[in-house]
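Asks: Submitted below is the structure of interest, expressed as structure tokens.
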Amino acid sequence: MIDFQPLFQAVRQAAVLCQQVQEHYLVSSDKGGHEPVTIADYGAQAILSRAISQYFPDDAILAEEQGGQFMELVSDEQRQEVIRLISEILGIPVTQVDVVKWLDYGQNREASRTWVIDPIDGTKGYISMRNYAIAVGMMVDRKPVGGIIGTPAYPGGAQLFHAQSGVAYMQPLNGGEVKRIHTSTRTEAASLRALESVEKSHANHDRMQLVREAAGFGAAELIHIDSMEKYARIAAGDAELYLRLPRLGSIRPFMIWDHCAGTAIVEAAGGKVTDVDGSPLDWSTGKTLNNQGIIVSNSAVHDRVIAAVQKILAEET
């Protein structure tokens, strides 16, 4: 069993940086494909990767941001600002060379254990003062076996979710009682809570409504939130279903860092995360997942949802 404590501390430090940037220094740039990025993305990843370099120096890392992007997309003034914040939060002198080194640490490396980092999952939500998550997944032999998710905007207070060895927990982000968590057992439409992304471009929302209706869940409460917090809510029993069905003809990829930590936590809490046909997600193809969609739910409704998805897909052909 891996000691996650250094990474818990790194997630907390990253959350402090994200909050400070959000309150005082929030400016975004476009890294291509209409994907926004902020100095908090770079600062949070630098903090997380630094912790991994210290405590797991031989491991590989897959992470969303790159040192080259930091140098190209961020102005000199903003680079100095995030360097100052990182130094202040870590309590050590930090240079631009350090930040670039940490951003790229462990990438393009082969190892049996890989850490998958999304420093701010849901950047658009972060920019808009909605939900976002700070996520670190742990993969062994190309399968997610552990994960940590910080959710600064979780209902009722910021939370830290984590799982490994088939057991999932949550606790207040800044420390406090650790509770083991389980997915809910709800199956009735009237009590079901279904989650969807806020961003319309992420999925085919009309299609997903057809699936819910075909599964008998048309009356479920529909909640729109950003980020991997959707996985955390299902793991904690605060929601039951999350569908991610792409638009017809969509070429938008499923990035591994958007799903790794969440998958490990939901599965450890007793839930299921699969492709649209019920098969496991394919994590073997590098930074992108090789799948047609994603279905996350408690175990009680999963088969029913899979059957509904297959029905809707068959009607479209």
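Start counting the sequence shown at -6; every next residue gets the next number (the numbering used here). Glycine included, each C-beta is placed from N, C-alpha and C at the ideal position.
1) Do the region 290 to 302 and the region 75 to 87 meet, that is, are 3 or more Cβ pairs less than 8 Å apart?
2) Which of the three DSSP states, helix, strand or coil, is assigned to isoleucine 142?
3) Please return the same chain residues whose Cβ sits closer than 8 Å to the Cβ of glutamate 28, not counting the five positions on each side in sequence.
4) Considering only residues of the same chain and omitting the five flanking positions on each side of valine 87, which have a CB-CB separation below 7 Å?
5) State yes or no: is the C-beta of tyrosine 224 within less than 9 Å of the C-beta of isoleucine 258?
6) Count the other CB atoms within 10 Å of the CB of histidine 252; is the residue buried (16 or more) or exposed (fewer)?
7) Measuring only the C-alpha atoms, how far is methionine 132 from serine 184?
8) What does the alpha-carbon distance come out to for the pair glutamine 100 and leucine 66?
9) Determine the direct distance from the alpha carbon of tyrosine 35 to that of histidine 295, and round the result to whole angstroms.
10) Using only the alpha-carbon positions, how far apart do lysine 172 and threonine 281 sit?
11) Given isoleucine 142, which residues of its chain have a CB within under 6 Å of its CB, disregarding the five upstream and five downstream residues?
12) For lysine 265, count neighbouring Cβ atoms within 10 angstroms of its own Cβ and tell me buried if that reaches 16, exposed if not.
13) Count the CB pairs spanning the region 185 to 193 and the region 271 to 287 that are closer than 8 Å, and state whether there are at least three.
14) Specify, as a first and last residue, the run of the beta strand (DSSP E) that valine 204 falls within.
15) Give me the Cβ distance between glutamine 38 and proline 112, rounded to the nearest whole Å; I'm assuming they're in contact under 8 Å.
16) Rounded to whole angstroms, what is the Cα-Cα separation between alanine 3 and serine 121?
17) DSSP beta-bridge partners for phenylalanine 154?
18) Beta-carbon within less than 7 Å of glutamate 260's beta-carbon, same chain only, minus the 5 sequence neighbours each way: which residues are those?
19) I'd like to check one pair, glutamine 157 with methionine -6: are the Cβ atoms closer than 9 Å?
20) Candidates Val92, Gly118, Gln73 and Val269: which alpha carbon is nearest glycine 60's?
21) Can you give me the C-alpha to C-alpha distance between glutamine 47 and proline -1, rounded to a whole angstrom?
22) What residues match up with isoleucine 110 in a beta bridge as DSSP calls it?
23) May I ask you to list the residues that DSSP assigns as paired with methionine 248?
24) Isoleucine 288 by DSSP, collapsed to three states: which one?
25) Identify whether histidine 175 lies in helix, strand or coil by the three-state DSSP scheme.
26) What span of residues does the beta strand (DSSP E) with glutamate 214 cover, start to end?
27) Hey, how far is the Cα of proline 239 from the Cα of glutamate 309?
28) Compute the Euclidean distance between the alpha carbons of glutamine 15 and arginine 297, then round it to the nearest angstrom.
29) Run the CB neighbour count on glutamate 181, radius 10 Å, all protein chains shown included, and call it buried at 16 or more, exposed below.
30) So valine 269 is in the alpha helix (DSSP H); what residue range does that whole segment cover?
31) Please report the distance separating the alpha-carbon of glutamine 12 from that of glycine 169.
Replies: On the basis of the coordinates in this document:
1) no
2) strand
3) Thr116
4) Ile76, Ile79 and Ser80
5) Less than 9 Å separates the beta-carbon of tyrosine 224 from that of isoleucine 258.
6) buried
7) 34 Å
8) 20 Å
9) 36 Å
10) 32 Å
11) Ala126, Ala128, Phe154, Met221, Ala225 and Ala254
12) buried
13) no
14) Counting along the chain, valine 204 falls outside any beta strand (DSSP E), though it belongs to the alpha helix (DSSP H) covering 198 to 207.
15) Their Cβ separation, rounded to whole angstroms, is 4 Å, which keeps glutamine 38 and proline 112 in contact under 8 Å.
16) 24 Å
17) Ile142 and Met163
18) Excluding positions up to five away in sequence, the list reads Val266.
19) yes
20) The shortest Cα separation from glycine 60 among Val92, Gly118, Gln73 and Val269 belongs to Val92.
21) 9 Å
22) Ala56 and Val129
23) Beta-bridge partners of methionine 248 (DSSP): Thr281.
24) strand
25) Coil.
26) 214 to 217
27) The straight-line gap from Cα to Cα measures roughly 13 Å.
28) 41 Å
29) By the 10 Å Cβ count, glutamate 181 comes out exposed.
30) Per DSSP, valine 269 belongs to no alpha helix (DSSP H) and is neither H nor E.
31) Taking the straight line joining both Cα atoms gives about 20 Å.
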